[in-house]
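Quick note: the sequence shown, position 403, residue 403 per full-length UniProt numbering, numbers continuous.
All residues carry an ideal CB built from backbone N, CA and C; glycine is no exception.
Step one of this worksheet: look at the structure below.
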Amino acid sequence: MSQLLCHLSKLSSRNNDVLIHKSVRLFSTSPYLTLGTRVKQVLPGGCNIGDVLLFDPVKEELVTVPYKTIPKELMDEEMIGASHGWGFFRDRRDRSVRISDIFNPLASKSNPTVIPLPRLTALFCGQTEQVCNVAMSSSSPFGEEDCVVAIKFSGRQMSLCRPGRDLEWTNIFTPFHCCENSNLMYSKRDQRLYLPSPGGNYLFSYHLHAKTEDHPELHELVYRGHPELDHSEWELLDSCSRREYFVESPSSGERYLVKWYAHGFYSSVLKGIDYKTKRFMVFREEETTEGKAMCYTEDIEEMCIFLASNEALCIPASSCPGLIPSTIYFMGRGFGSYHLTTGDTHHYEAPGGLVNTPYWLPPFSIYRISDGLYVTQLSNPNRLRETNINELGRKWRNPEREERNLWWCTFGMIKLTNGSGGEITNSKATAHQVDGVGLETRASARHNAERIAL
């Protein structure tokens, strides 16, 4: 153990470029669509053992993560969104909210992370029953980054809080009726939250630490170019329902405005209105001689965009073998993929029929930094996470296992694992023993602690 700590200390002296150059990605999952959970065994105390069900759009098949503990806190809660691989869950009875990594296939099976958030409160003319989507400013809700989570409700209410810091939500009343059903998006480049207006002519943005009385900044979008369509095709699109998504690539910072056209029809299966996707239009943000403009494009190079009921994702195809560059993967108004250059649509067959929790998860990866030192994190080729070594915990769950040389970091939290699910997790900074080896961490040394880039 002491040798590992020494090795980590040496790593901290290297710069990020060296670490990125030396790290080797051993494994990366596909972007998965959440399908739900399937209970297999009821345990005393309220927890269940079950399967986590995901859909792989590359292989077009069901992915089952078996024998995962479903915490009792999530048993009767509904999933209302996902961001950075974290699922958001709400209890309808008391409006409490929790976020969990239960759908992360590389997270702990025996002890999924569950983070409680304050109870939701509705504004005088708002509601908290119907959720548009959620967004997070960081993939580390309990890390040292000042992470903010945001929930956009149908209507004019948006709520913000910082996990582990705020005791209540900051409720914001958006002043424009046009944003009642807008899809919320967080920009790492600007560190702001964006809401596109219907039609995509404007963007409304809020600072991460906006207060209840704050008004959004208004950004008018200027468009350049459009697809060459005949009159009948434009008439068909005019009759379609349309949604706008503002999306940013975390690796390059490039931004796109996506217009999603879907035709409504009566479905005897749903006994109501269903939608069939007709086409997508993508406009790339570019600098022109007259300033920034949204320029029509049918080629977003190696990027892929994922649209569903959550914040839109933008992922390089190279991050996962099998992804098709310049393609939009969608769920909600049909289920399939749309190639921007050719205009071809490929439809998927949903496993088990209808999908009740249609949220995309970004790829999860395992990297080897050096011999015996591994990390797992959300795929982001341009950013390796910093984590304080004092967050190392002390609770060893499977001491009978012999192999204890695998360090991993999930969403910024350091864990020691034996490769079979046994792990150390504890936020207390006290002197303690791990497998007979003294490991000392001091709360007073928190600000002077060694930092490692993961």
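Pairwise C-alpha distance: residue j and residue i
i	j	result
A350	A262	19 Å
T170	D214	11 Å
D274	S241	11 Å
C132	P198	14 Å
L195	T37	31 Å
E129	M79	12 Å
G253	G155	29 Å
S318	E302	7 Å
Y202	S249	20 Å
S326	E298	8 Å
S232	Y348	28 Å
L123	S139	28 Å
R162	N104	21 Å
P362	K271	33 Å
L74	K59	29 Å
L237	T29	36 Å
E287	F246	17 Å
D166	H209	12 Å
E290	L257	19 Å
L35	G85	14 Å
D146	Y359	24 Å
G46	D91	16 Å
A293	C179	21 Å
H177	H346	35 Å
M281	V269	29 Å
L323	E61	14 Å
With 16 other Cβ atoms within 10 Å as the buried cut-off, status of residue i
i	result
P227	exposed
R93	exposed
L160	buried
V355	buried
S309	buried
L221	buried
C125	exposed
S182	buried
P116	exposed
L54	buried
S239	exposed
F204	buried
G81	buried
R224	exposed
L313	buried
L33	buried
R255	buried
V148	buried
T357	buried
F265	exposed
L218	exposed
P321	exposed
K152	buried
L229	exposed
G87	buried
Close Cβ partners of residue i (< 7 Å) along its chain, the five nearest in sequence each way excluded
i	result
V42	N48
T212	T170, N171 and I172
V66	Strictly speaking, residue 66 in this sequence is Pro, with Val absent from that position. Within the same chain, P66 has close Cβ partners D51.
S187	Y194 and E248
R95	R119, L120 and T128
Sequence-distant residues of the same chain with beta carbon closer than 6 Å to residue i, five excluded per side
i	result
R279	Y261
P57	Y329
E311	S83, N133, A135 and M185
R333	A262, Y275 and T277
K68	V52 and K109
F335	Y348 and A350
F89	L74, E77, M79 and R98
K40	I49 and G50
E168	P118
G352	none
Cβ separation of residue i and residue j, assumed to be a contact under 8 Å, to the nearest whole Å
i	j	result
Y296	F306	Not confirmed; about 21 Å, so no contact.
P316	S251	6 Å
G200	E244	4 Å
V114	P44	Incorrect: roughly 19 Å between the Cβ atoms, too far for contact.
P216	T174	7 Å
P192	Y206	Residue identity differs from the one stated: residue 192 is Arg in this sequence, not Pro. Right, the Cβ-Cβ distance comes to about 6 Å (below 8 Å), so this counts as a contact.
I99	P141	6 Å
Same chain, Cβ closer than 8 Å to residue i, neighbours up to 5 away in sequence not counted
i	result
D344	Y338
T341	E298, D299 and S326
S267	I273 and D274
Q157	A122, L123, G126, Q127, T128, N171, I172, F173 and T174
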